[in-house]
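Chains as they are written, first to last, in the working numbering: chain A, 36 to 348; chain B, 36 to 348; chain C, 36 to 348; chain D, 36 to 348. Each residue gets a CB set at the ideal place from its N, CA and C atoms; glycine is no exception. Being a predicted model, the structure only gives us computed values, none of them experimental.
There are 4 protein chains.
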Amino acid sequence: MALTAEQQDEIAAARAAEGRTRRPTVAALEALLFEAMPVLDHGFVRVVDYMGDDAAIVQAARVSYGRGTRAANEDRGLIRYLMRHRHSTPFEMCEIKYHVKLPIFVARQWIRHRTANVNEYSARYSILDREFYIPAPEHLAAQSAVNRQGRGDILDGPEAARVLDLLREDAARNYDHYLEMLNEEEDGTPRDPSRQGLARELARMNLTLNAYTQWYWKTDLHNLLHFLSLRADAHAQYEIRAYAEAMMETVRAWVPMAFEAFRDYRLGAVTLSAQMMGIVKRMLAGEPVAQEGSGLSRREWRELMEMLGRDAG
Amino acid sequence: MALTAEQQDEIAAARAAEGRTRRPTVAALEALLFEAMPVLDHGFVRVVDYMGDDAAIVQAARVSYGRGTRAANEDRGLIRYLMRHRHSTPFEMCEIKYHVKLPIFVARQWIRHRTANVNEYSARYSILDREFYIPAPEHLAAQSAVNRQGRGDILDGPEAARVLDLLREDAARNYDHYLEMLNEEEDGTPRDPSRQGLARELARMNLTLNAYTQWYWKTDLHNLLHFLSLRADAHAQYEIRAYAEAMMETVRAWVPMAFEAFRDYRLGAVTLSAQMMGIVKRMLAGEPVAQEGSGLSRREWRELMEMLGRDAG
Amino acid sequence: MALTAEQQDEIAAARAAEGRTRRPTVAALEALLFEAMPVLDHGFVRVVDYMGDDAAIVQAARVSYGRGTRAANEDRGLIRYLMRHRHSTPFEMCEIKYHVKLPIFVARQWIRHRTANVNEYSARYSILDREFYIPAPEHLAAQSAVNRQGRGDILDGPEAARVLDLLREDAARNYDHYLEMLNEEEDGTPRDPSRQGLARELARMNLTLNAYTQWYWKTDLHNLLHFLSLRADAHAQYEIRAYAEAMMETVRAWVPMAFEAFRDYRLGAVTLSAQMMGIVKRMLAGEPVAQEGSGLSRREWRELMEMLGRDAG
Amino acid sequence: MALTAEQQDEIAAARAAEGRTRRPTVAALEALLFEAMPVLDHGFVRVVDYMGDDAAIVQAARVSYGRGTRAANEDRGLIRYLMRHRHSTPFEMCEIKYHVKLPIFVARQWIRHRTANVNEYSARYSILDREFYIPAPEHLAAQSAVNRQGRGDILDGPEAARVLDLLREDAARNYDHYLEMLNEEEDGTPRDPSRQGLARELARMNLTLNAYTQWYWKTDLHNLLHFLSLRADAHAQYEIRAYAEAMMETVRAWVPMAFEAFRDYRLGAVTLSAQMMGIVKRMLAGEPVAQEGSGLSRREWRELMEMLGRDAG
């Protein structure tokens, strides 16, 4: 991540401006506010605004006139109860807004989460930065042999070198040709006065999917936690998980009680089907069980044994 | 509206608590924060939180690192441009949360606006207040003779008196029977120890639709303006319009530039079909025009002449 | 449920009309189409249109040019995999539309599910039917002593009789006064020509929450299953559960593979937190465990033991 | 557009299968069903399912037991009234599902419309086709000099030739390197057994934004019309407009009354602010008017004069 001096100044100015408010404030999140947390090689996530705190969840659940909070352990108990029993509306009462810089192929996964507000930097109006995501060597993975959508071993040696060369060269060449077609420099300065330059909305099509874009993304806490439960998961693609993990830190700072409940009842939780639960009960009763005759497919049996920390047999 | 002493204390305490924040603040809205603005006979609207301001609209439209604002007249011009051309996403970057007390039949209209977050006071858990909406005499209108969903003349004399008596008596009797079935007082004190009391989730069905409920309602500025454009309109039912008008004042305090643009390009605006525009052009060219042969139905012709401030002929 | 002869004729005519289509059809659902399935004392649910079938889920998951289906057991395996791993978008490719007649207090719970399309019968334009929900004696439950939102014992004897009398009398009286204020009969015939009649949008406020309304409600299969998982659950209020159960039958007829997967992985499933799973593993390893020292609250411990079919100790 | 023989067979088989249904059917849309309508150089739109028709709009607006329709001209009048007064919910009762093949940069604009269901072909699992959008010479426009997001003159001569060469070569080279990194052929055949091949979820980042993707996209008629009003507009980028125009034909076939109303009251309509309307009235009264003193900015004045077909003076 390389912020320009001008961008750094803008961020510093925003951080320096402080005012008084009657709204709830969260000191731990104020401390992070506007700061760019680096993600991948040129990306970042930064919180640019927020609304509400742990108490706002309790306040809405109780539809109260004041803050609606009671003893801290009662509030904590209520928040854990709401999370455990999937009462989603009180968590919708908190809202957060991020500024994110991210590769286009990550943006395409991210945007599938529809319950959010988005303003993306427009390549119809503006010129994109000369920045592309190139995986670090330890993330250069082969296709998984067992999982059609997963990664396998890390590539190394000449194969890794060749991949990195191709990614770097193709992204750079395509970007150079993008500017050439625009007949502009990266900062918008015109080049050859004898040419008109291709429309920006057309020239952008020559860019690669690892080019960086950026957006303002705003959502409520319930939908954010849903996003994080999918994207901070081990099955998510590493590149989007890196963003989710940075955002987890902002949630921990913002709403510590809700975050703890989320970690316990969502992130770390497992769901067992009726049939799976029946097998667990039989195991607890000391009965021998095996995949055959269990009513579970081989795949489900493997999933269950994994959850129980047992050998699939 | 009669807030209890305890509720007033809670509100006063919330207003008195002030903290420091790096987030944008809006002094005119801070001044209103938490205060209950009376609506109808027992209802209110009060702002309980907000996020963003006029500058946040500009900031998102420009996807900037800092506040993103420039000279005030440039910002104003951009906001007006965005409103005029129905660019909705920058307005979604501002969020507001209200606490509203309102009759159930109004709540049923309101909830049709789906793009919002709601936590309603639950009559499955709790006992509703002994408060019912009774129209003021000047709002006691007859059915319109010309418009199937509108109001006509104001009722008066014995007919008005009879209506008010019925509304008052029925609501009060049904509420008394609600408590009797619950075997509880309004404050939850048990009554006759020899009876169990009907479940709250069942007893509530005896209440009338003018009983008051309350909720926390949170939405973004774009969706709020859409709500207001429909509900502050002269064709909206008076009772929901009363809420919309109170909320208009909060928007004016919160985002004055966006509010002004909304007033000019939405509230006061008219939409002309291609055929209507053709007729306006012919009128401007001095041609005589009449409904017959205009391609407009009689109803559309009347609507057009009304917009032009002319006699429908 | 009492459909008028005219309504029955309209339904019969709709059922009799048959056409040819290239779209997928589901014979078991066609057999139910337009039929009113009775719910509660005067309500019903009827399917009025649908789009897609089990194969449409598979087709979308594979983004195929044709039907996209393979051997039935491969399709079934894919649908079960998608359900188990909460891949929601393929289930969104099926859509269904219901016509529902339901008490207003049930409609108010139902409408909280925002991801649906709704057209409700308007009491601003029209007169509601003279029908109110009165619980059958076996559903006349007392407030639960242990669960603030649940039901306890069934009321009987004079207390039950009194409740039923109050519900019946209040609803009927308020309806009679509603017509009196309207100065109309139930069928819209004017009454006393010397009076104007109160506007319909006002008079409706005198009705009780057990009056019946009706609406067209349309949603996709993913959101329908989410609705059913909450509303067909034992913790849902009986009156809305009755609707959910009728709708379950329509889903079973429509998409039998998706329904079976839903039943196994959602309805019958349980979710265990990380801490709960740790305790299950310790139990399986033969360790003695107790609430104290388990890291679970008393309430969570009780929930876990219940899931395992054990005494909470 | 080049469908493979296998794809053509799948489509032909789907078209040949016909069944009986009690649901409303639309012959003109059935005739189009499953057929791929070509868009751009390799893209297409095809309708793969639909639900409802013009009568379904009327039926929902009237909440009827049968088809709910009356005389055709009454239905037409009601649909036009609903469209003119922006009653959106009855139009939500119709649903349509498309299969679309489109360049990634177009998909990125399209996906901003959030109220739809989408299943996209996954480049984490599968290999994308070797197809890229290359603009036809008549669409190779320069950046507009007056409008920051528009197109200006058509490029020609050596500048056009150079642009086309760059677009073609870069897309092809990057695709070749994509396969090389995957160590696979376009059809998934492995290449060099001594190499592992980069994970598909990573290799895709080397593709250009004019590569084609495909998805199933399903939405209701109200949201579809909103999409079309923005994307079939002259200000929309040509490449997405080409899709919108093909979809317009499907809407015309499907719901001809709603389509006609949409064309009259949305597509061809103009919205005038209160200030603009004031000026029109003054013009009709014969008063001279000029931008100066009109209360309109120069930009708004120009927009108004354009709508009135006058010289901006």
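Minimum C-alpha distance to residue i - residue among the options
{"i": "Ala171 (chain D)", "options": "D:Arg345, D:Phe140, D:Cys129 and D:Arg203", "result": "D:Arg203"}
{"i": "Ala49 (chain B)", "options": "B:Leu38, B:Phe69 and B:Pro59", "result": "B:Phe69"}
{"i": "Arg208 (chain C)", "options": "C:Arg165, C:Ser229 and C:Gln231", "result": "C:Arg165"}
{"i": "Asp200 (chain C)", "options": "C:Asn152, C:Gln43, C:Phe297 and C:Phe167", "result": "C:Phe167"}
{"i": "Glu338 (chain A)", "options": "A:Pro323, A:Val324, A:Ala320 and A:Val305", "result": "A:Val305"}
{"i": "Ala288 (chain C)", "options": "C:Ala47, C:Ala62 and C:Asp44", "result": "C:Ala62"}
{"i": "Leu233 (chain D)", "options": "D:Ile46, D:Met240 and D:Met216", "result": "D:Met216"}
{"i": "Val181 (chain D)", "options": "D:Ala293, D:Arg334 and D:Glu155", "result": "D:Arg334"}
{"i": "Asp268 (chain A)", "options": "C:His120, C:Ile46 and C:Thr56", "result": "C:His120"}
{"i": "Met283 (chain D)", "options": "D:Gln272, D:Ala271 and D:Phe297", "result": "D:Phe297"}
{"i": "Asp299 (chain D)", "options": "D:Met240, D:Gly112, D:Tyr278 and D:Arg147", "result": "D:Gly112"}
{"i": "Met342 (chain A)", "options": "A:Met311, A:Arg317 and A:Gln94", "result": "A:Met311"}
{"i": "Phe79 (chain C)", "options": "C:Val315, C:Glu280 and C:Arg301", "result": "C:Glu280"}
{"i": "Asp346 (chain D)", "options": "D:Ser329, D:Ala238, D:Arg197 and D:Ala325", "result": "D:Ala325"}
{"i": "Tyr247 (chain A)", "options": "A:Lys253, A:Arg266 and A:Glu274", "result": "A:Glu274"}
{"i": "Ala95 (chain A)", "options": "A:Leu67, A:Leu75 and A:Phe126", "result": "A:Phe126"}
{"i": "Arg230 (chain D)", "options": "A:His122, A:Glu194 and A:His257", "result": "A:Glu194"}
Contacts that residue i makes with chain C (C-beta to C-beta distance below 9 Å)
{"i": "Phe69 (chain D)", "result": "Arg57, Tyr100 and Gly101"}
{"i": "Ala304 (chain A)", "result": "Thr306, Leu307, Ser308, Ala309, Met311 and Met312"}
{"i": "Arg48 (chain D)", "result": "Sequence inspection shows Ala at residue 48 (chain D); the Arg mentioned does not correspond to that position. Correct list: Gly101 and Arg102."}
Contact list for residue i against chain D, beta-carbon separation under 7 Å
{"i": "Val198 (chain A)", "result": "Met216 and Leu233"}
Per-residue contacts from residue i into chain B (C-beta, under 7 Å)
{"i": "Phe140 (chain C)", "result": "Arg239 and Met240"}
Per-residue contacts from residue i into chain A (C-beta, under 7 Å)
{"i": "Ile146 (chain D)", "result": "Ile146"}
{"i": "Pro170 (chain D)", "result": "Leu237"}
{"i": "Met318 (chain C)", "result": "Leu319"}
{"i": "Leu343 (chain C)", "result": "Lys316 and Leu319"}
{"i": "Glu65 (chain B)", "result": "Thr56 and Arg57"}
Under 9 Å from the C-beta of residue i: neighbouring residues of chain B
{"i": "Asp255 (chain A)", "result": "Glu130, Asn152 and Lys253"}
Residue i, buried or exposed, once every other Cβ within 10 Å from all chains shown has been counted against 16
{"i": "Ile189 (chain D)", "result": "exposed"}
{"i": "Thr39 (chain A)", "result": "exposed"}
{"i": "Asp255 (chain A)", "result": "buried"}
{"i": "Asp89 (chain B)", "result": "buried"}
{"i": "Ala51 (chain D)", "result": "exposed"}
{"i": "His270 (chain D)", "result": "exposed"}
{"i": "Gln144 (chain A)", "result": "buried"}
{"i": "Asn108 (chain A)", "result": "exposed"}
{"i": "Tyr133 (chain D)", "result": "buried"}
{"i": "Ser332 (chain B)", "result": "exposed"}
{"i": "Tyr160 (chain D)", "result": "exposed"}
{"i": "Gly87 (chain B)", "result": "buried"}
{"i": "Thr285 (chain B)", "result": "buried"}
{"i": "Gln178 (chain B)", "result": "buried"}
Neighbour list for residue i in chain C, Cβ cutoff strictly below 7 Å
{"i": "Val315 (chain A)", "result": "Val315"}
Interface residues of chain C facing residue i [CB-CB closer than 8 Å]
{"i": "Asn209 (chain B)", "result": "Asp205, Asn209 and Thr243"}
Proximal residues of chain A, C-beta to C-beta of residue i below 8 Å
{"i": "Gln178 (chain D)", "result": "Leu217, Gln231, Gly232, Leu233, Ala234 and Arg235"}
Checklist entry - What are the residues of the segment 117 to 132 of chain C that lie near chain D, defined by any Cβ-Cβ distance shorter than 8 Å? => result Thr124, Pro125, Glu127, Met128, Glu130 and Lys132
Checklist entry - Fully enclosed by the segment 227 to 263 of chain D, which alpha helix (DSSP H) runs are 4 residues long or longer? => result 235 to 238
Checklist entry - Could you give the uninterrupted runs of the beta strand (DSSP E) lying entirely in the segment 128 to 197 of chain A, keeping only those of 3 residues or more? => result 130 to 138, 152 to 155, 176 to 178 and 186 to 189
Checklist entry - Of all the residues that make up the segment 254 to 278 of chain A, which are near chain D by a beta-carbon distance shorter than 7 Å? => result Gln272
Next on the checklist: If the cut-off is 9 Å on Cβ atoms, which residues from the segment 76 to 88 of chain A count as contacting chain B, listed in chain order?
Outcome noted: Arg81, Val83, Asp84, Tyr85, Met86 and Gly87
Checklist entry - What residues in the segment 290 to 301 of chain A bring their beta carbon closer than 9 Å to a beta carbon of chain C? => result Arg298, Asp299, Tyr300 and Arg301
Item to check | alpha helix (DSSP H) runs contained entirely in the segment 43 to 67 of chain A, provided each spans 4 or more residues | outcome: 62 to 67
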